[in-house]
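Student: Below is the structure I would like to discuss, written out as structure tokens.
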Amino acid sequence: MTHETTSARSITVANAGLDVLEHVLSYYIRTLNIAVSRDLDDKLEGLEVAKGTGKITTLLLVDRHPGIRPSVIAQLILRDRSAMVRLVDHMEEDGLLTRKADEQDNRAQGLFISHKGKQLAAQIRPIVVKQSRDFFSDITDQEHRMLTSILERTYRRIAGLNGNGETGR
Numbered sequence: 001m002t003h004e005t006t007s008a009r010s011i012t013v014a015n016a017g018l019d020v021l022e023h024v025l026s027y028y029i030r031t032l033n034i035a036v037s038r039d040l041d042d043k044l045e046g047l048e049v050a051k052g053t054g055k056i057t058t059l060l061l062v063d064r065h066p067g068i069r070p071s072v073i074a075q076l077i078l079r080d081r082s083a084m085v086r087l088v089d090h091m092e093e094d095g096l097l098t099r100k101a102d103e104q105d106n107r108a109q110g111l112f113i114s115h116k117g118k119q120l121a122a123q124i125r126p127i128v129v130k131q132s133r134d135f136f137s138d139i140t141d142q143e144h145r146m147l148t149s150i151l152e153r154t155y156r157r158i159a160g161l162n163g164n165g166e167t168g169r
């Protein structure tokens, strides 16, 4: 028993090993997601889109596509309907966007960026791009393009997107 305790005490981060996880891509993706999210939150500290997921993408999509429906964004950010409603509620309360009923179908709502949201979107775009490049500074531009391409392909599959950007659902 003493040997096991002594042995356990001598295990450090450097020599622990990850068992089968050392060769499991999803382990690295999950772990990096935590680290990259923390780093991005630090860079966005004090801004309405810091802390949490989906706010940046929602803000940028609404800014780029006025009238976009929440259901479209939900599919792109892999959120369910109730989570998307909460996200839009918070962003509306923060004055970043507004909802308007569709003129042809009152049940459908479009999202529109507010002046405050437009300013924030312009402010965060360069921060998001710089943070990503800085965080992954140990990979070359070629590796960055290759990794992005591979991850994008997997993302498009799980988001239900086909080759032309349309949903396959």
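Residue numbering for the sequence shown follows full-length UniProt numbering, starting at 1 and increasing by one per position.
All C-beta atoms, glycine included, are put in the ideal place defined by N, C-alpha and C.
1) If you count every other CB in all the chains shown that lies within 10 Å of the CB of K55, and 16 or more means buried, which is it?
2) Since A121 contacts R69 with CB under 8 Å, what's their CB separation in whole angstroms?
3) Does R38 come out as helix, strand or coil in the three-state DSSP assignment?
4) Counting C-beta neighbours from all protein chains within 10 Å, is the total for I11 16 or more, i.e. buried, or is it exposed?
5) What first and last residue would you give for the beta strand (DSSP E) that runs through Q142?
6) Drop a sphere of 10 angstroms on the beta-carbon of A74, count the other beta-carbons inside from all chains shown, and report buried for 16 or more, exposed for fewer.
7) Run the CB neighbour count on residue 170, radius 10 Å, all protein chains shown included, and call it buried at 16 or more, exposed below.
8) What number of angstroms, rounded off, separates the C-alpha of N162 from the C-alpha of E152?
Tutor: In short, the structure shows the following:
1) Residue numbering aside, residue 55 sits at position 55 when the sequence shown is read from its first letter. It counts as buried.
2) In the sequence shown, residue 121 corresponds to position 121, counting from 1. In the sequence shown, residue 69 corresponds to position 69, counting from 1. Taking a contact as a CB-CB distance under 8 Å, the pair A121 and R69 does not count as one, their CB atoms being some 18 Å apart.
3) On the sequence shown, position 38 is the one that residue 38 refers to. Residue state, collapsed to three classes: helix.
4) For the purposes of this step, residue 11 is identified with residue 11 of the sequence shown, where counting begins at 1. The residue is exposed, with fewer than 16 neighbouring Cβ atoms inside 10 Å.
5) Counting from 1 along the sequence shown, the entry for residue 142 is found at position 142. Run containing Q142: none in the beta strand (DSSP E); it sits in the alpha helix (DSSP H), 141–158.
6) Position 74 of the sequence shown holds residue 74. When all chains shown are included, A74 counts as buried.
7) Within the shown structure, residues of the chain are numbered from 1 to 169, placing residue 170 beyond reach of any answer.
8) Residue 162 sits at position 162 when you count from the first residue of the sequence shown. Residue 152 sits at position 152 when you count from the first residue of the sequence shown. Those two C-alpha atoms are separated by around 12 Å.
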